[in-house]
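Worksheet: one structure, shown below.
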Amino acid sequence: MKILVIDAQGGGIGKQLVAAIKQSIPNAVVTAVGTNSTATAAMLKAGADYAATGENAVVVGCRNADIIVGPIGMVIADALFGEITPRMARAVGQSAAKRIMVPISHCDNIVVGVADLSISAMIQAVVKTIQGLAGNQG
85 MKILVIDAQG GGIGKQLVAA IKQSIPNAVV TAVGTNSTAT AAMLKAGADY
135 AATGENAVVV GCRNADIIVG PIGMVIADAL FGEITPRMAR AVGQSAAKRI
185 MVPISHCDNI VVGVADLSIS AMIQAVVKTI QGLAGNQG
């Protein structure tokens with residue numbers, strides 16, 4: 085299973101996602117793509133199998149992934165303080181991969197109708213969702 089983790093800013097959410105996925109689903113191949121080198125480095129340090137940075141890396145990664153994981157802003161152009169370009173958001177949205185979005189309400193994008201969970205609880209929910217999808221592929 086090829087999992088693409090996308091993050092921006094300092095890569096904190098992506099770092100936690102990569103670490104939790106690698107620990108719980110060791111056979112997953114995790115590619116980390118940061119919108120900047122700081123985010124990429126954080127996810128690589130957390131155990132990503134592969135890593136790249138920038139807009140084209142997001143576009144190419146979305147073509148090859150089975151599952152795309154990241155903050156919900158990854159599908160909103162100009163989100164995450166402008167680090168998500170329209171091309172990135174379109175690539176994620178148009179990908180054939182399953183998308184698992186962490187509902188973070190930041191940068192004037194407010195998500196309603198979801199439980200107010202801690203980041204760690206959301207990370208665990210992501211892992212359980214991926215495990216469920218992995219079980220359905222077998």
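For any residue, its number in this note's numbering is found by taking its place in the sequence shown, counting from 1, and adding 84. By construction, the Cβ of each residue, glycine as well, lies at the ideal position given by its N, Cα and C atoms.
N-terminal and C-terminal residue of the alpha helix (DSSP H) that residue i is part of
i	result
Ile-105	96 to 108
Val-117	Not the alpha helix (DSSP H): Val-117 falls in the beta strand (DSSP E), residues 113 to 118.
Val-142	139 to 148
Val-89	Note, Val-89: premise wrong, no alpha helix (DSSP H); beta strand (DSSP E) at 86 to 91.
Val-176	170 to 178
Closest Cα partner of residue i within the set the options
i	options	result
Val-198	Ser-204, Val-186, Ala-173, Gln-208	Val-186
Asn-148	Ser-204, Ala-130, Tyr-134, Gly-166	Tyr-134
Asp-150	Ala-132, Val-114, Thr-137	Val-114
Ile-152	Ala-209, Val-117, Pro-110, Ala-161	Val-117
Coil, strand or helix - residue i by DSSP
i	result
Val-159	helix
Met-185	strand
Ala-218	helix
Gly-131	coil
Ala-125	helix
Val-196	coil
Within 8 Å, strictly: CB atoms of residue i and residue j
i	j	result
Gly-177	Val-159	yes
Thr-119	Leu-88	no
Gly-207	Ala-104	Sequence check: residue 207 is Ile here, not Gly. It is a contact, given that the beta carbons lie within the stated cut-off.
Gln-100	Ala-123	no
Pro-170	Ile-97	no
Gly-157	Met-127	no
Chain-order list of residues whose beta-carbon lies under 6 Å from that of residue i (same chain, five-residue window excluded)
i	result
Ser-108	Val-211
Cutoff 8 Å: residue i Cβ touching any chain B Cβ
i	result
Ser-121	In the displayed structure, chain B is absent; only one protein chain is listed.
Same chain only: Cβ atoms within 7 Å of residue i, ignoring 5 sequence neighbours per side
i	result
Glu-139	Thr-169, Arg-171, Met-172
Residues of its chain near residue i, where Cβ-Cβ distance is below 8 Å and the 5 sequence neighbours each way are ignored
i	result
Ser-179	Cys-146, Arg-147, Ala-149, Ile-152
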